[in-house]
Amino acid sequence: MSSLINLLVIFGCSTAWLITLSKMAPSLVDFKEESMRFPTSFNDLTRLSALFQAYNKNNRLYMIILFTSAYLYKQTFCIPGSVLLNVLAGAIFGLWTALPLCCVLTGLGATLSYLLSKQFAEQIVVHYWPEEVRNLKERVDFNKHRLIPYLLSLRLLPFTPNWLLNLISPVVGIPLHYFFVTAFLGLIPYNYICVQSGAMLSSFSSLNDILSWETFIKLTFLSIMVLITPKIIKTFINHPTV
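If you want it as structure tokens, here you go:
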């Protein structure tokens, strides 16, 4: 019970921080009636994109703090919608600023979720997702000799949702340094596709233009390459050509 209370306190403090940040927003003449909230639709994206671009132009430090706090909040507490924040980042900051920012925040947010699960929620995770815990434990044990490539493939092609993978990883004994590195690197292609879409937001008409079969096929191909590349390298090491 004490673990759950601590978790709720952390969630409450984090929520209060976001609310405080929203109240500190700079006043803009052209956006007096706009309210800040997490985007849930394409219309929200286009509306917030215009608002946050104005914030970024007038007070870049505030915009970076606000975006970083919101992103880590969603990632840490496993709240769906990171794809929309990645798209929004591309629209606000441009591709080559948004991409490294989102990759770092993805790694940090996933790590915070991992740590909260390890410290406060292991029993909850095992209780509500026993089958997923057992399956991942078996797969991690089977792939322990190539754990980093395997974890990268899970990130590139997330048949296990990323938020659930974040929660289960400490329970099945995935080391934190492996977890962070593979979360950071494995989600770069996904972040790139979303951020690039955000940089071209004005040319899209719906979220289906972003979350398409073409995107899924690209991620599938990258996942397969990650799995077979270590085997190819090992083959060349063991059987060098003369």
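Residues -16 to -1, 1 to 226 (mature numbering (1 follows the signal peptide of the UniProt record, and there is no 0)) are what the sequence shown spells out, left to right. Even glycine gets a Cβ: it sits at the ideal position worked out from N, Cα and C. Since the model is a prediction, treat every value here as computed from it, not as a measurement.
Among the options, nearest to residue i - alpha-carbon criterion
i      : options                : result
L171   : H161, L83, L120, G182  : L83
G97    : N40, L148, T4          : Position check: residue 97 holds Ser in this sequence, whereas Gly was assumed. Per the Cα distances, L148.
L32    : I132, V71, P173, S181  : V71
F164   : S181, R139, S6, A183   : R139
C178   : W113, I(-12), S66, D28 : S66
R21    : I(-7), K58, I(-12)     : K58
L(-13) : I152, S101, A(-1)      : S101
P114   : L35, T95, T81, I152    : I152
Q180   : R44, C(-4), L169, F77  : F77
M8     : C(-4), M47, F143, F126 : M47
P(-5)  : L12, N27, T60          : A small correction: the amino acid at residue -5 is Gly; Pro does not occupy that position in the sequence shown. For G(-5), the nearest C-alpha among the options comes from T60.
L169   : Y134, T(-2), F143      : Y134
Presumed contact (8 Å Cβ cut-off) between residue i and residue j, rounded CB distance
i    : j    : result
C86  : N175 : 5 Å
P159 : E106 : In fact, because the Cβ distance is near 16 Å, the residues do not count as touching under 8 Å.
L56  : G91  : Not really, about 11 Å apart at Cβ, beyond 8 Å.
A75  : A183 : 7 Å
P10  : N42  : 6 Å
Y162 : I132 : 6 Å
Extent of the continuous alpha helix (DSSP H) to which residue i belongs
i     : result
Q59   : 44 to 60
T81   : 79 to 100
Q180  : 172 to 183
F126  : 114 to 126
I63   : I63 -> no alpha helix (DSSP H), and no H or E assigned at all.
G(-5) : -15 to 7
I158  : From DSSP, I158 is part of no alpha helix (DSSP H); its letter is neither H nor E.
S137  : 131 to 140
L151  : 146 to 152
Residue i and residue j closer than 8 Å at C-beta
i           : j    : result
N150        : C62  : yes
residue 249 : L79  : Any answer about residue 249 is impossible in this case: the structure gives the chain only from -16 up to 226.
L(-10)      : L50  : no
V117        : V109 : yes
T166        : L141 : no
T52         : L29  : no
L2          : A54  : yes
K128        : V156 : no
Distance cut-off 7 Å: residue i Cβ against heavy atoms of the ligand SAM
i    : result
V124 : You won't find the ligand SAM in this model; it holds no ligand whatsoever.
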